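Numbering (my numbering), first residue to last: 4 to 327.
Ideal placement from N, C-alpha and C gives every residue a C-beta, glycine not left out.
All figures in this text were calculated on a predicted structure; none of them were measured in a lab.
Remarks on the structure that follows.
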Amino acid sequence: MKDTFNRKIEYVRISVTDRCDLRCQYCMPENGVKSIPHNDILSYEEILRIARCIAHLGVSRIKITGGEPLVRLGVTGFIGEIKKLEGIEQVTLTTNATQLADYIDKLAELKIDGINISMDTLNPELYKKITGRDSFYKAFEGFKKALEYPDIKLKINCVPMEIPEQNLPEIAGLAEDYPVHVRFIEMMPIGLGRNFPFKSEMDTMKEIERAYGPLIPYNGVLGNGPSRYYSISGFKGKIGFISAMSHKFCDFCNRVRLTADGRLKTCLQYEVGVNLKEAMRNGASDEELEALVLMALESKPKEHRFEEALVEGRETRSMFQIGG
Ligand code: SAM
Ligand code: SF4
Numbered sequence: 004m005k006d007t008f009n010r011k012i013e014y015v016r017i018s019v020t021d022r023c024d025l026r027c028q029y030c031m032p033e034n035g036v037k038s039i040p041h042n043d044i045l046s047y048e049e050i051l052r053i054a055r056c057i058a059h060l061g062v063s064r065i066k067i068t069g070g071e072p073l074v075r076l077g078v079t080g081f082i083g084e085i086k087k088l089e090g091i092e093q094v095t096l097t098t099n100a101t102q103l104a105d106y107i108d109k110l111a112e113l114k115i116d117g118i119n120i121s122m123d124t125l126n127p128e129l130y131k132k133i134t135g136r137d138s139f140y141k142a143f144e145g146f147k148k149a150l151e152y153p154d155i156k157l158k159i160n161c162v163p164m165e166i167p168e169q170n171l172p173e174i175a176g177l178a179e180d181y182p183v184h185v186r187f188i189e190m191m192p193i194g195l196g197r198n199f200p201f202k203s204e205m206d207t208m209k210e211i212e213r214a215y216g217p218l219i220p221y222n223g224v225l226g227n228g229p230s231r232y233y234s235i236s237g238f239k240g241k242i243g244f245i246s247a248m249s250h251k252f253c254d255f256c257n258r259v260r261l262t263a264d265g266r267l268k269t270c271l272q273y274e275v276g277v278n279l280k281e282a283m284r285n286g287a288s289d290e291e292l293e294a295l296v297l298m299a300l301e302s303k304p305k306e307h308r309f310e311e312a313l314v315e316g317r318e319t320r321s322m323f324q325i326g327g
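Here you go:
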């Protein structure tokens, strides 16, 4: 399917929950989080039905996200069903990995195609400060266990902050020691992310080059999205940068998002989209759901305007409610 700017939409990020076992400072507040009531969360059957419709319209790749997707009961059974959908060629997961060690055998059995692990530091004390939980060793154990399955493509996602002890070269070094790509994601002014001093791609690159030498641009395609990759001599994996602020990548946007409460979001920054849960629960047929998806695409904005502080219709929810 295509939007009005002739962009081919072939990738959907599906959030299965707004709950999480961590409280990353830039994503989810420690207190005062009002979780979506269970009834308002899409059931797995409902998500599968929407996924089937979207696949019918031409989406071929799905990312399962959250909140933390592995905290929702029955998620592996659901992933198994998603894997079976006609037209779906790739299913990947993004996780904080705190429970990955318990799930990885099953995920490998289901032939999950890739896993992105969010890890902002390798310093357990700082990890606790950033995430509000003492879970570094559990998350790292999840990462190490995932490495036992070479068919699962692994990526590490890190959001750089202005914290020297975050030690970005140390995180980049995971791509030297292991066959994983490490991506640095610029903080976006969404939800609590607005409260953080912004660290630019340029500053992160400089730190990494100081430690390891030049980053050499890599032109191959390694994922579904906007990451630009670089090689470093002697590294097993690549270093990627997803820099919504420094390099607007909207011209190449290929995605929509389905939130846990059933809204199809067509742009990360704007509230625009359509409420598929409401339509479904009011008896919409598959054809009607597909028509709604296409209608929502017509309002997909051309680009984000993160650089402007106040934008009309901007998203008021946080990343844990959207799915990243
Ligand atoms: N809990 C899972 C995880 O952490 O991977 C999945 C959901 S999480 C919202 C997805 C990604 O969004 C994480 O890599 C996280 O670091 C990133 N994220 C959250 N808030 C962000 C922000 N304001 N700017 C940039 N990335 C953000
Ligand atoms: Fe949870 Fe992921 Fe948000 Fe951290 S980034 S609070 S792990 S949803």
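{"Asked": "So Y273 is in the alpha helix (DSSP H); what residue range does that whole segment cover?", "Found": "Careful: Y273 lies outside any alpha helix (DSSP H) and carries neither H nor E."}
{"Asked": "How about I200 and K239: are their beta carbons less than 8 Å apart?", "Found": "According to the sequence provided, residue 200 is Pro. The question's Ile does not apply to it. Taking 8 Å as the Cβ cut-off, P200 and K239 do not qualify as a contacting pair."}
{"Asked": "Say whether the segment 87–96 touches the segment 31–42, bearing in mind that this needs 3 or more beta-carbon pairs closer than 8 Å, one atom from each stretch.", "Found": "no"}
{"Asked": "Expressed to the nearest angstrom, what Euclidean distance is found between the alpha-carbon atoms of M205 and N42?", "Found": "45 Å"}
{"Asked": "Going by CA-CA distance only, name the one from A287, P192, I219, T68 that's closest to S246.", "Found": "P192"}
{"Asked": "Got a sec: does the ligand NAP put a non-hydrogen atom nearer than 7 Å to the Cβ of M190?", "Found": "You won't find the ligand NAP in this model; what it holds is the ligand SAM and the ligand SF4."}
{"Asked": "DSSP three-state label for Q93, please.", "Found": "strand"}
{"Asked": "Report yes if the CB atom of I65 is closer than 8 Å to the CB atom of V19, and no otherwise.", "Found": "no"}
{"Asked": "Relative to the C-alpha of E112, which residue among E84, G194, M283 is closest?", "Found": "E84"}
{"Asked": "Distance check for H307 and Q272, CA to CA, integer angstroms please.", "Found": "6 Å"}
{"Asked": "Could you pull the DSSP bridge partners for Y232 from this structure?", "Found": "Y221, G243"}
{"Asked": "Could you say which of L261, I159, I133 lies nearest to G145 if we only look at CA atoms?", "Found": "I159"}
{"Asked": "What distance in whole Å lies between the Cβ atoms of G70 and C23, which are believed to be in contact at a cut-off of 8 Å?", "Found": "5 Å"}
{"Asked": "Does chain D have any CB closer than 8 Å to the CB of Y215?", "Found": "Absent from the structure is chain D; it holds one protein chain and no more."}
{"Asked": "Considering just the uninterrupted stretch of the alpha helix (DSSP H) at I331, what are its terminal residues?", "Found": "This structure cannot speak to residue 331, because the chain is shown only from 4 to 327."}
{"Asked": "Among E291, I211, R26, which residue has its Cα nearest to the Cα of P172?", "Found": "I211"}
{"Asked": "For Y29, is the classification buried or exposed, using 16 other Cβ atoms within 10 angstroms of its Cβ as the cut-off for buried?", "Found": "buried"}
{"Asked": "When we look at the beta-carbon of E48 and count the other beta-carbons within 10 Å, is it buried (16 or more) or exposed?", "Found": "exposed"}
{"Asked": "Could you give the uninterrupted runs of the alpha helix (DSSP H) lying entirely in the segment 25–87, keeping only those of 4 residues or more?", "Found": "47–59, 78–87"}
{"Asked": "Name the residue from Y130, K147, P127 whose alpha carbon lies nearest to the alpha carbon of Y106.", "Found": "K147"}
{"Asked": "Check this for me: beta carbons of C56 and D289, under 8 Å apart or not?", "Found": "yes"}
{"Asked": "For Y232, is the classification buried or exposed, using 16 other Cβ atoms within 10 angstroms of its Cβ as the cut-off for buried?", "Found": "buried"}
{"Asked": "Give the straight-line distance between the Cα atoms of A294 and R136, rounded to the nearest whole angstrom.", "Found": "43 Å"}
{"Asked": "Taking buried to mean at least 16 other C-beta atoms within 10 Å of its own C-beta, is S46 buried or exposed?", "Found": "exposed"}
{"Asked": "Could you pull the start and end residues of the alpha helix (DSSP H) that R213 belongs to?", "Found": "204–215"}
{"Asked": "Pick from L96, D123, H250: whose alpha carbon is nearest that of G226?", "Found": "L96"}
{"Asked": "What does the Cβ neighbour count give for K11, buried or exposed, with the cut at 16 atoms within 10 Å?", "Found": "exposed"}
{"Asked": "Give every residue of the same chain whose Cβ lies closer than 6 Å to the Cβ of Q324, excluding the five residues on either side of it in the sequence, and list them in chain order.", "Found": "D21"}
{"Asked": "Report yes if the C-beta distance between F139 and K132 is below 8 Å; otherwise report no.", "Found": "no"}
{"Asked": "R16: beta carbon under 7 Å from a heavy atom of the ligand SF4?", "Found": "no"}
{"Asked": "I118 by DSSP, collapsed to three states: which one?", "Found": "strand"}
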